[in-house]
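Remarks on the structure that follows.
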Amino acid sequence: MKLRFPLSAVCTLAVTAALTGLAPAHAAGPTAQAAPDIAVSAVQADLTQLQSIATANGGNRAHGRPGYKASVDWIKSKLDAAGYTTRVQTFTSNGATGYNLVADWPGGDTDNVLMAGGHLDSVTAGPGINDNGSGSATLLEVALSVARSGYQPTKHLRFAWWGAEELGLVGSTRYVNSLTTTERAKIDAYLNFDMTGSPNPGYFVYSSSGEPTGSAAIEATLNDYYAGIGIDTDPITVGGRSDHAAFSAAGIPTGGTFSGAEGIKTSTQAAKWGGTAGRAYDPCYHRSCDTTSNINATALDRNADAVAHAVWTLSQ
Ligand code: DPN
Ligand code: ZN
């Protein structure tokens, strides 16, 4: 789906950005580039691949299980072929080797890094297609779109897929802790995507006031995308439940989108977003039924375009 950029939102965003120091696209002047449309069919094809990997490896992609490493290898091969500089960071957790996949897009100002990431591991109970194949596949397709379009942003872009999130944000925490103070200071912002295709979807944007280092500029940028397609999002405080928390602990500005887990959709939310009130956003959260059938394609599509919009807007 293509974004229509409302001018009024652009002006509001300029004020927000001036206050926070995170410059949105239009601040770069008339040459600012818009994000391409992310094809939801490509994101869905990636989810089918992650499902196949789980099915071939005992039904999950959990930390310490072969389905996790196979997921890393598959995403890495796509990024390598597209021209990314990839690195696999290993760590030990719970007696097993864990892996973070970090991919840098060559170019841009490496003193000003925009990072986007999400966890690639599932729980042992199931294949983890919504949690968090959805965010992982979305990040992959946005990264591939950067390469395909030959986009050369002002900032340096870095994408990451974290291991062992489900064991307590282990991979993202190890990554942040492995950075020197100087390297941490070069990360301008971290965008997190964890569960973006919930079957009874909510449209949540990480609250800049609720998160410890929540960025008003990121929140406004994501909300601009949603305003452009006529969706009124709700702010959410994810707190320590996903990987942005590791970046918050290091003082790095954060933001993200989320389509809901075990929480129950309210009647107000069903009225504005559709779906079923009184039912969980994701009834298969952390269960064996979190398969490719557990995805709402519209939510997956919208979030993919929101991620691309944020990556493009915040990197120029
Ligand atoms: N990351 C998931 C988990 O900890 O199980 C679910 C989740 C994601 C919950 C984002 C809240 C917000
Ligand atoms: Zn998750």
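Quick note on numbering: the sequence shown equals residues -27 to -1, 1 to 289 in mature numbering (1 follows the signal peptide of the UniProt record, and there is no 0).
Backbone N, C-alpha and C define an ideal beta-carbon position, used for all residues, glycine too.
- Setting aside the 5 residues that flank it on each side, residue 192 is surrounded in the same chain by 178, 181, 228, each with a C-beta closer than 6 Å to its C-beta; the list follows chain order.
- Within the segment 19 to 98, the complete alpha helix (DSSP H) segments at least 4 residues long are 39 to 55, listed from N- to C-terminus.
- The beta carbon of residue 219 sits closer than 6 Å to the beta carbons of 142, 145, 146, 149 from its chain, once the five residues preceding and following it are set aside; these are given in chain order.
- Nearest to residue 155 by alpha-carbon distance, out of 211, 86, 114, 5, is 86.
- Secondary structure note for residue 165: its beta strand (DSSP E) is the uninterrupted segment 160 to 166.
- Comparing alpha carbon positions, the residue from 240, 19, 250 closest to residue 51 is 19.
- Residue nearest to residue 117 within the set 101, 48, 169, 55 is 55 (criterion: CA-CA distance).
- Inter-segment contact for the segment 95 to 106 and the segment 58 to 78 is absent: fewer than three beta-carbon pairs are separated by less than 8 Å.
- The C-alpha of residue 114 is placed about 29 Å away from the C-alpha of residue 242.
- According to the DSSP secondary-structure assignment, residue 135 is paired through a beta bridge with 92.
- Nearest to residue 94 by alpha-carbon distance, out of 249, 26, 122, 77, is 26.
- At a threshold of 7 Å, residue 92 counts as near the ligand ZN, since its beta carbon sits closer than that to one of the ligand's heavy atoms.
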